[in-house]
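Worksheet: one structure, shown below.
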Amino acid sequence: MEFYITKKAWKKVIDYAQASYNKFSSEIGGFMIMKQDKEGDYILSEPEILKQTVTGGTTEMEKEEVADYYVKAAEKHGNDIRFVWWHSHANMKAFWSGTDTSTMEEYSGSDWAAFLVVNIKGEHKFSVKMWKPINVLEDVELNILGQTVPKSITDEVEKLCSKPEIQIHTTTRQYGRNQLALAGMGSGWSMQDQLEVQSYNDGYSGAYGLNNLYSDVENINPDELKILKEISDAIEELNDNYTEGTINYKKWISSVKSLNRNLKKDKVSFSIYEVTKNKLDNHVGNYTMYDAKNFVNYGGNNESNIKV
Ligand SMILES: [Zn+2]
């Protein structure tokens, strides 16, 4: 079950936040509706504001107006909808204040409810509060729908940017530590291929500490290298997302487990350590240097474990 907000609704919420900030240097809040689509995902749309008093730190909607809104929204959209209380924190951080979490309790009559807080910079926190069967408040990813990039921007990026293509040729030969770059000699590879392999080898050794790996493993073939690179990229991305808070530990560990299942299915001897949340917190984060390599389980220390 995923949560999405339409681009139009998202823009409207941020516009409301900006307008209240411009006019009153204040917060602002309102409701929007949430409807389940055929896939079972929830789509947030149609944000509205009601009559309210606003300050820098609070926003209070008038009770009669709220009751009125519920009735009108149900008339318009039917009863198969849920309401999302959203509000802005003006130019402050988007987080749940004590007042906010108390306000959430006003919705405890239902089994669960979703809440959104934003600021004028477009930062947000979206959380689902559940009362039954257990009381829990969890941050959830809110995807903005239809974030399409104008063609002119895509064209410009394509024209001016390039990414080095890594082309490791599949071969049955085993490559020792410094042989990878030389492997192309006399084998019909073009100079371009050789340079690519050379820079790949250099970059990879540097970035992912493969020098250390090579000290443990005598021979490694390009296919394995390529898989290692893919695993490291995946770890790097997951850890970045975790550090930035776009995914939580639950999502991190389930992604790692699913990667490991695929690796096992492909009979790859490497896997990713399924570390505990504590261990993960100690290895990633702003103040720790982490190396994606540390998350790779090479399946042992000697070359017999590295299978082609
Ligand atoms: Zn708040």
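In our numbering, the protein residues as written are 3 to 310. Note that CB positions come from ideal geometry on N, CA and C, so glycine has one too.
Only buried fits LEU46, as 16 or more other CB atoms lie within 10 angstroms of its CB.
In this structure, the beta-carbon distance from MET34 to VAL86 falls below 9 Å. The C-beta distance from ASN121 to PHE5 rounds to 19 Å, too long to meet the 8 Å contact threshold. The region 109-126 and the region 91-98 touch, with three or more beta-carbon pairs separated by less than 8 Å. What you get when you keep residues with a C-beta closer than 5 Å to any heavy atom of ligand 1 is SER99 and ASP102.
When rounded, the separation of the alpha-carbon atoms in VAL142 and ARG84 is 16 Å. Between LYS53 and MET63, the gap from beta carbon to beta carbon is short of 9 Å. The Cβ-Cβ distance between LEU230 and VAL298 falls below 9 Å. Here LYS127 is actually not in contact with TRP114; their C-beta atoms are around 17 Å apart, not less than 8 Å. Sequence-distant Cβ neighbours of VAL286 in its own chain, meaning closer than 7 Å and more than five residues away, are ASN241, TYR244, THR245 and TYR292. Every alpha helix (DSSP H) of 4 residues or more that sits fully in the region 67-109 is shown, in chain order, as 100-106. If one requires a minimum length of 4 residues, no alpha helix (DSSP H) run lies completely within the region 116-146. CA-CA distance, LYS134 to SER104, rounds to 17 Å. Under DSSP, MET34 forms a beta bridge with VAL86.
Taken atom to atom, the span from the alpha-carbon of GLU232 to that of GLN20 is near 42 Å. In this model, ASP225 and ILE51 are separated by some 57 Å (Cα to Cα).
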